[in-house]
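Since the structure comes first, as structure tokens, the remarks are kept for the end.
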Amino acid sequence: MAALGRPLAALPFGHGTQHAAGGLALFDSYHCSRYNTNTGVLTPDMFREVFAAVRRYLDDR
Amino acid sequence: MTVPGEKIALFIDGANLYATAKSLGFDIDYKRLLREFQSRGYLLRAFYYTAVVEDQEYSSIRPLIDWLDYNGYTVVTKATKEFVDQTGRRKVKGNMDIELAVNAMEIASHIDHMVLFSGDGDFRSLVEAVQRKGSGLLSPRRYRPSRRWLPTNCGDRLTFSLISPSCRQKSAATRASALIVRPASPGNRASIPRSFSNAARPHRAPRSAPAMKTNSTRTETRAHAGRRHPAGHLIDDDIGRDCPRCPRLVALRHDLREKQPAWHNAPVPSFGPVKGRLLIVGLAPGLQGANRTGRPFTGDYAGDLLYATLARFGFASGEYAARPDDGLRLVDTRITNAVRCVPPENKPAGEESKQCRYFLKATIAEMPNLAALVS
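The listed protein sequences correspond, in order, to chains A and B. Going by our numbering, the residue at position 33 of the first sequence is 33; the numbering climbs one at a time, nothing skipped. Just add 1000 to the spot in the second sequence (first one is 1) and you have our numbering.
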């Protein structure tokens, strides 16, 4: 986020959230670590949804 | 340096430049200075900042200010304040840094090049802020004298030329410095960052000069970890294997090189085509994942889920086998890490993210088709 020169607070994180910043679409995702998947923070389905959204976004452009 | 039609704005820290020129013993030809930049692009504004002593009948700087005002410069002045300090000494106060900074920030999104004439290191934060104004993807670079900048002589009436090799030899410590900054904008995001800064030490102002403030802070330019690309900009893999920026990560790296000599144990380069539209930004290499294999998300559990998911949506082709030589290819997609070295307990410190942002920015800046980012 900071690499794009935007304040972190301007774009609150949320898994599956999509933001627009500097002409780019940003998709938030929990990290696909074993810790997150084992604890149920991130299920494989949740992770797939993020990339499904990215796919739709790029295909619709 | 500039391309015709690109918009330029000059910011001259009057007191600082005046004092430096004076200490070097040459005059600055302001008319030629203006012409020089007019020939390089579209000169939008040439600001000249100075404080003036109002209550005096004659001010040595007044004729210059009037001339500049009539000849195309935007002169920004304010009256100095005079006061007597505790020890009973008379002091004159008149600092234009805020005015300059405010103007620079206001105009930053309308220009392609900002040229700052000052040796004052305090402006570094302004320069960085101006760069962040657009998409904020460029970083300051050390100014490298180029032939085109050099004057034909450095005699008494040296005209525009802040950087002259022979003059430099004559008085190495009294160079003026010019910081040239190219604000980023979405339109030129993919272009080569053309920004320079000449790290120089302004000379302390002579007593006679109307310099309100010339401090001797050096404009520090961080020693870059990476190699410089021939074109002058930093590319993603310029980080090399021995980036020295984060002491904690360097220590861990050396430790790991001893314990696990077969592992990658170095900054992990980005993976995937530069022309991809999607960039996936991981947190940092996993100890036994990217740090071991040298490819992002490769070799530990995180990669299993990521690459399977990418393949499912057409962002990867081939078989992922947790090895960098498994032949897996990314399609329209690139993967990088916000911090490129493995951190202790897989948790990078805030300062480490900040240090490494320099490389993340370079990665983003070199992707011409980038449209989406997953983090």
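The beta-carbon is built from N, C-alpha and C at its ideal position, and this holds for glycine as well. Computed from a predicted structure; not experimentally measured.
Within-7 Å CB hit, residue i to chain A
i: Val1130 of chain B; result: no
i: Thr1336 of chain B; result: no
i: Thr1333 of chain B; result: no
i: Ala1046 of chain B; result: no
i: Phe1313 of chain B; result: yes
i: Arg1277 of chain B; result: yes
i: Ala1362 of chain B; result: no
i: Ala1372 of chain B; result: yes
i: Thr1298 of chain B; result: no
i: Leu1305 of chain B; result: yes
i: Ala1302 of chain B; result: yes
i: Thr1074 of chain B; result: no
i: Thr1309 of chain B; result: yes
Residue i, buried or exposed, once every other Cβ within 10 Å from all chains shown has been counted against 16
i: Ile1012 of chain B; result: buried
i: Asn1071 of chain B; result: exposed
i: Lys1022 of chain B; result: buried
i: Thr43 of chain A; result: exposed
i: Asn36 of chain A; result: buried
i: Pro1343 of chain B; result: buried
i: Asn1265 of chain B; result: buried
Selection from the options that minimises the alpha carbon distance to residue i
i: Asn1095 of chain B; options: B:Val1115, B:Ile1280, B:Val1053 and B:Asn1071; result: B:Val1053
i: Tyr1048 of chain B; options: B:Ala1101, B:Glu1351, B:Gly1121 and B:Arg1248; result: B:Ala1101
i: Arg1292 of chain B; options: B:Met1114, B:Phe1117, B:Thr1333 and B:Trp1263; result: B:Trp1263
i: Tyr1307 of chain B; options: A:Asp60, A:Tyr57, A:Arg56 and A:Phe51; result: A:Phe51
i: Leu1010 of chain B; options: B:Ile1107, B:Cys1356 and B:Asp1300; result: B:Ile1107
i: Ile1008 of chain B; options: B:Arg1035, B:Ile1028 and B:Thr1020; result: B:Arg1035
i: Ser1347 of chain B; options: B:Leu1249, B:His1254, B:Tyr1358 and B:Ile1098; result: Note on identity: in this sequence residue 1347 of chain B is Lys, with Ser being the wrong assignment. Ranking B:Leu1249, B:His1254, B:Tyr1358 and B:Ile1098 by Cα distance to Lys1347 of chain B puts B:Leu1249 first.
i: Lys1081 of chain B; options: B:Thr1074, B:Tyr1073 and B:Arg1090; result: B:Arg1090
i: Ser1270 of chain B; options: B:Cys1341, B:Asp1326 and B:Arg1312; result: B:Cys1341
i: Leu1043 of chain B; options: B:Asp1027, B:Gly1272, B:Thr1074 and B:Leu1360; result: B:Thr1074
i: Ala1338 of chain B; options: B:Ala1079, B:Ala1322, B:Tyr1358 and B:Lys1275; result: B:Tyr1358
Distance between residue j and residue i (C-alpha atoms, nearest Å)
i: Arg1295 of chain B; j: Ile1280 of chain B; result: 13 Å
i: Lys1093 of chain B; j: Gln1086 of chain B; result: 15 Å
i: Glu1319 of chain B; j: Glu1128 of chain B; result: 43 Å
i: Phe13 of chain A; j: Arg34 of chain A; result: 20 Å
i: Gly16 of chain A; j: Met46 of chain A; result: 8 Å
i: Glu1006 of chain B; j: Gly1041 of chain B; result: 5 Å
i: Gln1288 of chain B; j: Ala1302 of chain B; result: 11 Å
i: Arg1062 of chain B; j: His1110 of chain B; result: 31 Å
i: Met1105 of chain B; j: Leu1126 of chain B; result: 8 Å
i: Gln1355 of chain B; j: Gln1038 of chain B; result: 37 Å
i: His31 of chain A; j: Gly1121 of chain B; result: 40 Å
i: Asp1029 of chain B; j: Ile1098 of chain B; result: 26 Å
i: Asn1016 of chain B; j: Ser1118 of chain B; result: 6 Å
i: Arg1132 of chain B; j: Ala53 of chain A; result: 28 Å
i: Pro1202 of chain B; j: Phe1123 of chain B; result: Any answer about Pro1202 of chain B is weak, because its pLDDT of 34 lies below 50 and its placement is not dependable; what the coordinates show is given next. In a straight line, the C-alpha of Pro1202 of chain B is about 13 Å away from that of Phe1123 of chain B.
i: Tyr57 of chain A; j: Gly23 of chain A; result: 13 Å
i: Trp1067 of chain B; j: Gly1272 of chain B; result: 57 Å
i: Phe1313 of chain B; j: Pro1247 of chain B; result: 39 Å
i: Leu1116 of chain B; j: Asp1069 of chain B; result: 19 Å
CB contact check: residue i to chain B, cutoff 7 Å
i: Arg34 of chain A; result: yes
i: Tyr30 of chain A; result: no
i: Val41 of chain A; result: no
i: Ala20 of chain A; result: no
i: Arg55 of chain A; result: yes
Per-residue DSSP class, three states only, for residue i
i: Thr1298 of chain B; result: coil
i: Glu1082 of chain B; result: strand
i: Thr43 of chain A; result: coil
i: Gly1282 of chain B; result: strand
i: His1110 of chain B; result: helix
i: Thr1020 of chain B; result: helix
i: Ala1371 of chain B; result: coil
i: Gln18 of chain A; result: strand
i: Tyr1048 of chain B; result: strand
i: Asp1389 of chain B; result: Nothing about residue 1389 of chain B can be reported from this structure: the residues present for chain B run from 1001 to 1375 only.
i: Arg1040 of chain B; result: coil
i: Val1076 of chain B; result: strand
Check: residue i C-beta below 6 Å from any heavy atom of the ligand GTP
i: Leu24 of chain A; result: This structure lacks the ligand GTP; in fact it carries no ligand of any kind.
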